[in-house]
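In order, the protein sequences belong to chains A and B. Using this note's numbering, read the first sequence as starting at 1 and increasing by one per residue. Using this note's numbering, read the second sequence as starting at 724 and increasing by one per residue. Cβ atoms here follow ideal geometry from the backbone N, Cα and C, with glycine treated the same way. See below for the structure under consideration.
Protein chains: 2
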Amino acid sequence: MDFSSFLTSLATSFVIFVVLMLLFTWLSRRPGNHEIYFPNRKLKGLDPYEGLRVTRNPISWIREALSSTEADVIRMSGVDTAVYFVFLTTVLGLFVLGGLVLLPVLLPVSATARFRIKVNETTSEGTFNDLDKLSMAHIEEESPRLWAFVAATYWVSFVAYCLLWKAYKHVANLRAAALMSPEVKSEQFAVVVRDIPPVPEGQTRKEQVDSYFKAIYPDTFYRSMVVTDNKKANKIYDELEGYRKKLARAEAIYAESKKTSPEGTRPTTKTGFLGLFGEKVYAIEYYDEKIKELIPKLENEQKVTLKDKQQSAAVIFFNNRVTAAAASQSLHDMMVEKWTVIDAPESRQLIWTNLPKYFYERQIRQYVIYFIVFLTIFFYMIPIGFISALTTLENLKKLLPFLKPVVDIPAIKTVLEAYLPQIALIIFMALLPNFLLFLSKAEGIPSESHAQRAASGKYFYFTVLNVFIGVTIGSTLFSTFKQIEKDPNSIVKLLAESLPGTATFFLTFVALKFFVGYGLELSRIVPLIIYHLKKKYLCKTEDEVKEAWAPGDLGYATRIPNDMLIFTVVLCYSVIAPLIIPFGVVYFGLGWLVLRNQVLKVYVPSYESYGRIWPHIYIRIIASLILYQVTMVGYFSIKKFVYSPVIIPLPILSVIFIYICQRKFYRFFKSTALEVASHELKETPNMEVVFRSFIPPCLSSEKADEDQFEDALSQVSRTGGVG
Amino acid sequence: MDFSSFLTSLATSFVIFVVLMLLFTWLSRRPGNHEIYFPNRKLKGLDPYEGLRVTRNPISWIREALSSTEADVIRMSGVDTAVYFVFLTTVLGLFVLGGLVLLPVLLPVSATARFRIKVNETTSEGTFNDLDKLSMAHIEEESPRLWAFVAATYWVSFVAYCLLWKAYKHVANLRAAALMSPEVKSEQFAVVVRDIPPVPEGQTRKEQVDSYFKAIYPDTFYRSMVVTDNKKANKIYDELEGYRKKLARAEAIYAESKKTSPEGTRPTTKTGFLGLFGEKVYAIEYYDEKIKELIPKLENEQKVTLKDKQQSAAVIFFNNRVTAAAASQSLHDMMVEKWTVIDAPESRQLIWTNLPKYFYERQIRQYVIYFIVFLTIFFYMIPIGFISALTTLENLKKLLPFLKPVVDIPAIKTVLEAYLPQIALIIFMALLPNFLLFLSKAEGIPSESHAQRAASGKYFYFTVLNVFIGVTIGSTLFSTFKQIEKDPNSIVKLLAESLPGTATFFLTFVALKFFVGYGLELSRIVPLIIYHLKKKYLCKTEDEVKEAWAPGDLGYATRIPNDMLIFTVVLCYSVIAPLIIPFGVVYFGLGWLVLRNQVLKVYVPSYESYGRIWPHIYIRIIASLILYQVTMVGYFSIKKFVYSPVIIPLPILSVIFIYICQRKFYRFFKSTALEVASHELKETPNMEVVFRSFIPPCLSSEKADEDQFEDALSQVSRTGGVG
C-alpha cells in the first residue's frame, strides 16, 4: 500500500465519521427518536434532557460526556461499566504518556538515519514508501541509535506498570464502595450451594438442606430454595406468555379496525404451524381459550416441579451480609466435591440449568471445552493465513482474472487496496463470539457475568493469536513456511521480522475501526431504522414498541476483546512504528467519548458483577505487554543489536508484576471482604423480598399463595425449623 | 564391594540388633529404668505395665505393638503420630505388594539371562559379583525380557496410586474425627490476626482490634489478646525461674547434708559469672534475695509490656468453633496484606516472635530463605561428591599411604569397605536439620508444627538431591564429568547409568540404618546412660530428675526425610535390583514395630497439628515416585529398549494424580470444614479457660488479678464492649 492509498483510507474514514456524527446530532434532536438515543434515561424515568443543557449543537454531547463523573456512570450504568472506563482511561493514558516521549524522540532518530531499507522489509508492493522512513525499519543494523528504542521499550513498560497498579487499586475501591453500600442487595444475603450429596433415607431434599445449614448457622440461616428442573414449567410459561402477547396484539388490531368501520374486523388466525396452516379461527377467542387452558396446566406443573423435580443444588439465604460472605469463602464439607458453596450472583444472571451439574462433571466439561477452544484457535489459523495472503490485489487478480478490468480503475483500486483485507477480517470475526459464549456456558459456569468473562477471554486469545500473529506472520507465510518447519523456535524471530511489513495494514485497520465503528456506534443508524420499521409495520401494542427499542447492554464479551486487539496491535508497534500511537490515542479517546455518551443515555446493563471483569482485563493487558516485550526482544536481535539482551528482564519483570498484583488484589475480586460486608445497612432487610427476588418467573405464582412453595422452598426460620 | 563383605556387613548389623534388643528386654524390666522406657505412660499417670501382659519375654513388646490399635496411638500420642503410622503402613504395603510380584517374576528373568555385564556397569571394584546377576544390569540390551521390567514399573506405580488414595482418605477421616471431637480445644475457638494496620489517632491498639472484630462478629466475638513484645519480660521470667530452680537445688543439698551431720553444711555460691567467680555467699539466702528482687521487677515489666509493647498481631477468641473456622478462611480486609486472619495453632506451638512480622517482610524472607536453601543444597553437592569418590579404599590408600598396613588386614578391610562411606555420609547429614529448622522459623512461620514441616521439606530435598542423586552420580563423577559439561541433558541418562553400580552401596546403607538405627532407638542406650549419670551426679530435686528423663517427641523434621530417603532409594532400585525390596520391607516393618512401642511408651508429642503433616508427606512420596519413573525412562533407554517410551505416560499420570488428590483433599488440611466444626460439644466451653490457655507464661500473673490484663488483653464481651 502506498502513501496515497493510506491517506485515502484515512480521509474516507474521517468523512464517514463526520457525516455519521452530524446525522446523530440531527436525528437525536427529533422527539420520535428519543427511544433510540435516550433509552437508558427513559427506562430510569428521566427526561431525555433533564439536567443537560438544552441547546443541541453538534458537539454538545461531547461536552456532556466530558463533564460526567464516574459517580454518574455508576449511577446510570453500574460498577462494571465504570470499570470498563477505567480500562479505557488506563490504555489511553498509556498511549498518551508513551506518545509524548516516543514521538518527539524516535521519529527524528528514524528519519535522519541513512539506511536503505531492504526490499523484503518494506510493504507488500516492494516499493519504498514514506511511512517506513519514520519506523524502526529505517535504522541500520547494529546502529547505536537502537539504544533510543531500547529506552522507549522500557519507558512504555514502566508507564504501563504504574498505570495498571493505580487502576487496580482504584477498581478495588470502586468494588468495595459498591459492596459496602447501605442499599439491600438480595444477592449479598445469599449463597449458592452445589454438589449436595444424595438425599438420605427418610428425608426430603429440602429437609436435608435445611438441617445441614441450620446446624452450621443456627442463628443466621433464614431459608433455603432448592433448585428445581424447570424445563417443562418454563416451556408452558413461555407458551402462556406468547399467547398473552398475541392476545394483546389481536385486541390492539381489533381496536384499530374499529376506528375505520364501527363494528371493526375481528382478527383471525390459523391453529396450525406458525398460524399459517390449519383451521381458521377468531384470534381473540382462540388465544383467550388457550390461556385459560394453560393457566391450570402451569399451576399444576409448578406444583410437580417444586415437589418432584428438586435437584442437587440450592440457594441459601442468611439474615446478614457477613455470614453470607463468610459462608461463600469457607469449606463446608471435608471433601471439596460435596456441599460446594459459592457466593450467589444476582438472580437475573443465574444460569439455573448449570447449578445442579456435579463437581467432576464441571471439571471434565471445562477441560473438554478448553480443548475445543484450542482446536478452534489453531484450525482457524490456517484459513485466516490464507485470506490474508489471498486478499492482496495482486493475488486477487491472479486468482480471479475476470476482476482485472474493474480492479485496474485507479479509484476503485485504491479503495479496494485500503479496505479489502480489513473487511474480510471483520466479517470473519463476527461469526465467533456466540459460539464461544455457548461453549463457556457449557462449562457449567453458574452466572451469566462469569460466562461472559470466560467467553471474552477465549475471544481475546483467539483475536490476538489469529488476527495479530496470524495476519502478521501470514503475510510472509508462504515464503517462509519452510523456515518454520526447519526450526520451530524461529517463530518469535519470524513475528518480529514481519512486523514492519504489516504496520500500515494495521494502521488502516485501526483507523477503519475507530472512525467507522464509533461513528456507527454513536449514530445508532441500524437500531434506528429497525425500530422505525418495526414500529410502523409490526408493533401493535405498547409492550411490542418497548421491545423494539430495548437498547441491550455494552456486550463485554466482544467489546473488550476487540479493544484488546487494537491495544495489542498499537502496543506492539508503538516502538517499531511510533506513528501508530496517535491512532491508538484517537481510538481510545474517541471510544471513551462515544461510549460515555452511550452508557449515560443508551445502554442498560443486563447484570452487575461489581467489577469482577477487572482482573480478567488486567491479565490480558499484561499478556499483551509480555507479547510486546518478547516481540521487541526478537526485533532487536534481528537488527543484530548486540545489547538486545537488555530487554530480557522486561518480560520477567512483567511476570513478577502479575504475581504481585494478583496476590495483593485478586482475592477481593473473588470474594467479598468481611469488613466490607459488615458496613451498616440503611434499613433492616425484608428477607421475604430478598427471598422472592430469587424465584424464577416460571415458578412465581400470581396468587400470593404461600403454601405452594413449601416443598422446594423451605421456610425454616419462620415456622420453627427442622433441627 | 564383593559378596562376602556385603554378607559381613549384613551379619554384623543383625548381630548388633539382636544384642541391642536383648539389652532392651533386660534393661526395661528393671524398675529403676522405667523412666526411660515408659515415660509417656508415666506422664499420663499410667503404671508401666497397666493393661499389658506382665511376662516380659524378649518378644512381648512385639506382641504389644502388634495388638495396639490406631485408637491407642491417637489416645497416647495424638493424630500426627497416627498419620506417621499411616505413612509407614502405606510404604510397607507398597513394598510388600511390590515384592510379592517383582521378586518371583524378575529374579528368574534376570538370573537366566545370558549376558556378560560390562565392566563399567558393575560395582566399583570392577569384578563381576553375585548380586549383580539378580539385577536388571544382567539383561542384555534390546532384549524382549525387558517387557517384564516395564510391567513391573507399571505395577509398582499403580499399587502406589491405590495405596496413596486410600491413605489420603483415611487420614482425612482421622483429621475430621479429631476436629469434630466433643472435647473443648482452645485453639478451635481462636484465630490469629496479623498485619494489623497502624493504630488510628485517638485509639489504643486494643480498642482498634476490638472494634474491628466487634463490628464484623457482633454476637460471636468474645475477646482479643494483642501480641506483645515479651523479650524483656521473658528474660526476667527465665532468670526468676532459674533462681527458683537453684534455690530448690540448694535446699535439697542442705537437707541432704543434714543427714550426715545434724546442723548440715550450708551450700555456698559465688555472685559472679556462672557462680564461679566473685564473692562467696550462702546460696539459699542469696537466691531467696534475688527472687524477692525479681518478682516486683517482673510484675512491673509485665505491666509495661502489656501497656506499651503491643504489636501488630493479635489472637481473637470466638464463643463457637464454626465462627472461628469460618473467620480463618475468610478475607477480612479488601487488601490481603491487612488484617490477615489465619487459624490459631495450639498456644504451646505459637511462635510469638513471628506473629508481628508484616506480610511483605514474610514474603521477602521466604524467597530469601528459599534461595539460601537452594545454595545449601547445591554447594553441599560438591563436597558430598568428593567424599563418596574419596572413601573407596583404593582412593584412601592412595591419598593416605600410611594407612596401607592397617587397611590391608583382611578383617579390617572388609569392615571398612562395608561401613566407611556410609559413616561419612551419616555424620555429614547430622549437621543439617537444626540449620534448616532455624531457616524455616526465620521465614516468619507462625507455628512450630508448620516450621517443622517446612524444615522437613527442605531436608527431604536435600537428602534426595545430595545423598541419592549425589552419591549415585558422584561414584561415576570423575570419569563422566566432561560428558555432563558437553550435554547437560544427559543427567537423567547418567543417573540411570550409575544406578546399578551403587545398588550394593545402598543395600548396605539401608541395612545399617535399620538394624543399628532401630536397635539403638529401641534400646535407648544413650538416653539411659545420660539419665543415670545425671541422676547420680547432678540431679538434686524431683524437678531435675524429671527433666533428666523427659523423653522428647518423635522429631518429624528429621525422621520423615530420613524415612523418605530410604523409601526413595528402595523405590528407585525396586525394579532395577528387586533384591532391595526385602530390605525395604524389613526397614519399614521393623520401624513400624519399634516406633509403635516407642510412641505408646516413650515419646510425648510436643504439639498436635491434626494430621497437617500428611499432604506434605504425600507430595514427597509422589515426588519420589516421579523420580523413580523418570529414572526408569532413562534406564530403559540405556538398555536400548525401543519401547521405552511406554514408560513416559507414568510420570504424566503421577502429575495428574497429584493434581486430583490435592484438589480433592488438600483444602480440608488447610482449614477446618464448617460441618466438622459444627458438631456439638460435650459441654459449654468455659471461655475464660480458653482465653487463659493462650497467655504466655512470662505474662501470666500468679495473683488471680484481672486488671493487669486490661491493656493488651481485651474483655469486651464481659464489660459491654467498645462499639
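- Rounded to whole angstroms, the gap between the alpha carbons of valine 570 of chain A and glutamate 241 of chain A is 49 angstroms.
- Along the region 1371 to 1391 of chain B, going in chain order, the ones with a CB nearer than 8 angstroms to a CB of chain A are Arg1386, Lys1387, Phe1388, Arg1390 and Phe1391.
- Selection B:Tyr1351, B:Ala901, B:Ile785 and B:Leu1318 evaluated against isoleucine 1192 of chain B yields B:Tyr1351 as nearest (Cα-Cα).
- For methionine 1058 of chain B, the nearest CB of chain A lies under 8 angstroms from its own CB, placing it at the interface with that chain.
- In the structure shown, valine 575 of chain A adopts coil according to DSSP, grouped into three states.
- The C-alpha of arginine 1176 of chain B lies about 55 angstroms from the C-alpha of leucine 106 of chain A.
- Under the 10 Å beta carbon count, isoleucine 196 of chain A is surrounded by 16 or more other beta carbons and is classified as buried.
- Looking at the DSSP output, lysine 536 of chain A bridges to nothing.
- No Cβ of chain A is located within less than 8 angstroms of the beta carbon of alanine 956 of chain B.
- In the three-state scheme derived from DSSP, where H, G and I count as helix and E and B as strand, alanine 313 of chain A is classed as strand.
- Given a length threshold of 4 residues, each whole run of the alpha helix (DSSP H) inside the region 909 to 979 of chain B is given here in chain order: 928 to 939.
- Take the alpha-carbon of valine 526 of chain A and the one of alanine 557 of chain A: they are about 21 angstroms apart.
- Between the alpha carbons of lysine 166 of chain A and asparagine 173 of chain A lies a gap of roughly 11 angstroms.
- Taken in chain order, the whole alpha helix (DSSP H) runs of length 4 or more contained in the region 598 to 684 of chain A are 613 to 638, 649 to 661, 667 to 670 and 674 to 677.
- For histidine 332 of chain A, the chain B residues whose C-beta falls within less than 7 angstroms of its own C-beta are Ala1396, Leu1397 and Glu1398, listed in chain order.
- Secondary structure at serine 728 of chain B: helix, using DSSP grouped into helix, strand and coil.
- Pairing phenylalanine 378 of chain A with proline 651 of chain A, the inter-Cα distance amounts to about 25 angstroms.
- In this model, alanine 1134 of chain B and proline 1128 of chain B are separated by some 12 angstroms (Cα to Cα).
- Spanning the alpha carbons of glutamate 542 of chain A and alanine 233 of chain A requires a straight line of approximately 27 angstroms.
- For alanine 325 of chain A, the closest Cβ of chain B is nearer than 8 angstroms.
- Close to chain A, meaning a Cβ-Cβ distance shorter than 7 angstroms, are the following residues of the region 876 to 908 of chain B: Ala895 and Ala899.
- About 20 angstroms separates the Cβ atoms of tyrosine 1330 of chain B and arginine 917 of chain B, ruling out a contact at the 8 angstroms cut-off.
- Annotation for isoleucine 1065 of chain B: the continuous beta strand (DSSP E) segment containing it runs 1063 to 1066.
- Sequence-distant partners of proline 578 of chain A (beyond 5 residues in either direction) whose C-beta falls short of 7 angstroms from its own C-beta, in its chain, are Leu102, Leu103, Leu106 and Leu107.
- Excluding residues up to 5 positions away in sequence, Lys1263 and Thr1264 lie with their Cβ nearer than 7 angstroms to the Cβ of alanine 975 of chain B in the same chain.
- For a Cβ distance threshold of 7 angstroms, residue set Ser1401 of chain B lies close to alanine 215 of chain A, ordered along the chain.
- Taking the Cβ atoms as the reference, alanine 1396 of chain B lies roughly 6 angstroms from histidine 332 of chain A, within the contact range of under 8 angstroms.
- Contact check for valine 1233 of chain B against phenylalanine 1158 of chain B fails: the beta carbons are separated by 8 angstroms or more.
- Under a 10 Å Cβ-count criterion, glycine 45 of chain A is classified as exposed, with fewer than 16 other Cβ atoms of the shown protein chains found around its own Cβ.
- Among the residues of the region 59 to 80 of chain A, none has a Cβ less than 9 angstroms away from any Cβ of chain B.
- Here the alpha carbon of isoleucine 1344 of chain B sits roughly 19 angstroms from the alpha carbon of isoleucine 1371 of chain B.
- Distances from the alpha-carbon of serine 449 of chain A to those of A:Arg612, A:Asp308, A:Gln310 and A:Arg362 put A:Arg612 closest.
- Sixteen is the threshold: when 16 or more other Cβ atoms of the shown chains lie within 10 Å of the Cβ of serine 328 of chain A, as they do, the residue is buried.
- Between tyrosine 212 of chain A and asparagine 319 of chain A a beta carbon distance of about 17 angstroms is seen, past the 8 angstroms cut, so the two are scored as non-contacting.
- For valine 304 of chain A and tyrosine 237 of chain A, the gap between their C-alpha atoms comes out near 14 angstroms.
- One thing to note: valine 950 of chain B has its Cβ no nearer than 8 angstroms to the Cβ of glutamine 1025 of chain B.
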